[in-house]
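K.L.:
Residue numbers (my numbering): 3 to 255. Glycine included, C-beta positions come from ideal geometry on N, C-alpha and C.
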């Protein structure tokens, strides 16, 4: 009966992790409801649209594409960015130039990461949260962390179940009932992971309900930089720029 100890551990891991996920999701939903306020007369800027659509990384991508299209930044197909004009026109562009550094060149992957974590993007996020348009990072991080814990618990349940079935001294006829017992916590964790995609995922969006309503007003056929802000770099219509961002993925691993 030593396998019962493994079962207790598996049930504890599944129950605690799923409970944490449900609590985080409930708190995220409460946070979104608290932010569900009308924002009359507010028109989203390009950077605000990018943040609410795809977060800090999307803001950086829009900035890079904008600077490249105006020939103030060279994005090579190898995944490197080179400063052409060191005078940024706004706070985001100055943040990109500062992240590139005095050498004037940088791989796009670390440049994107550094700029997304910088003060300029953080200030934009704070303004959107204060205006009731963006979900606070704490609520989104809590859900993401709880989901990671459920995934880890799923792996633990499978491992403990396999160890219980393979314990020495057990007969073949005893193995199926043991496996069925471990199927219970496994079904629980897998169900919670499915709910992450169906029910909980909307609570991890960057935009709060008010922000989502403003995003819905953006024309579906938006072109140019607004298309990049809404759909990401896949909306870039310049093959050379697409190659540069493909190079970014290769450099970044």
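1) Hey, which unbroken runs of the beta strand (DSSP E) at 3 residues or more fall wholly within the segment 131-162?
2) Say whether chain B places a C-beta atom closer than 7 angstroms to the C-beta of residue 86.
3) Pairs of beta-carbons, one from the segment 182-191 and one from the segment 146-160, closer than 8 angstroms: are there three or more?
4) Check whether the Cβ atoms of residue 85 and residue 99 sit closer than 7 angstroms, and answer yes or no.
5) To which residues does DSSP link residue 82 through a beta bridge?
6) Does the Cβ of residue 90 have 16 or more other Cβ atoms within 10 Å, making it buried, or fewer, making it exposed?
7) Can you give the beta carbon distance from residue 232 to residue 126, rounded, assuming they're within the 8 angstroms contact cut?
8) Looking at the structure shown, is residue 169 part of a helix, part of a strand, or coil, going by DSSP?
9) Taking a contact to mean a Cβ-Cβ separation below 7 angstroms, would you say residue 155 touches residue 191 in this structure?
10) Can you tell me whether residue 46 is helix, strand or coil according to DSSP?
11) Can you list, in chain order, the residues of its chain whose CB lies under 8 angstroms from that of residue 25, leaving out five sequence neighbours each side?
12) Based on Cα-Cα distance, which residue from 150, 221 and 217 lies nearest to residue 196?
13) Figure out for me which residue from 113, 18, 14 and 137 has the closest Cα to the Cα of residue 96.
14) If you draw a straight line from the alpha carbon of residue 170 to that of residue 17, how long is it in whole angstroms?
15) Could you tell me how far apart the beta carbons of residue 76 and residue 66 are, in whole angstroms, since I believe they sit closer than 8 angstroms?
16) Are the CB atoms of residue 212 and residue 135 nearer to each other than 7 angstroms?
17) Which same chain residues, not among the five before or five after residue 229, have their C-beta less than 7 angstroms away from its C-beta?
18) For residue 4, count neighbouring Cβ atoms within 10 angstroms of its own Cβ and tell me buried if that reaches 16, exposed if not.
19) So for residue 209, helix, strand or coil by DSSP?
20) Using the C-alpha atoms, what's the distance from residue 83 back to residue 251?
21) Whole angstroms are fine: how far does the CA of residue 103 sit from the CA of residue 234?
22) Here's the rule I'm using: 16 or more other beta-carbon atoms within 10 Å means buried, otherwise exposed. How should residue 15 be labelled?
23) Measuring alpha carbon to alpha carbon, tell me which residue in 122, 128, 240 and 69 is nearest residue 225.
24) Does the distance from the C-beta atom of residue 227 to that of residue 64 stay below 7 angstroms?
P.N.:
Taking the structure as given:
1) Listed in chain order, there is nothing to give.
2) Included in the structure is just one protein chain, with no chain B present.
3) yes
4) yes
5) DSSP output for residue 82 lists 109 as bridge partner(s).
6) buried
7) The beta-carbon distance between residue 232 and residue 126, rounded to whole angstroms, is 16 angstroms. This is too long to meet the 8 angstroms contact definition.
8) coil
9) yes
10) coil
11) 148
12) 150
13) Closest by C-alpha distance to residue 96, out of 113, 18, 14 and 137, is 113.
14) 28 angstroms
15) Contact flag wrong, Cβ pair sits at about 11 angstroms.
16) yes
17) 237
18) exposed
19) strand
20) Low confidence applies to residue 251: its pLDDT is 44, below 50, so where it sits in the model is not reliable enough to give any reading.
21) If I take the Cα positions, the gap works out to 25 angstroms.
22) buried
23) Ranking the options by Cα distance to residue 225, first place goes to 240.
24) The Cβ-Cβ distance between residue 227 and residue 64 falls below 7 angstroms.
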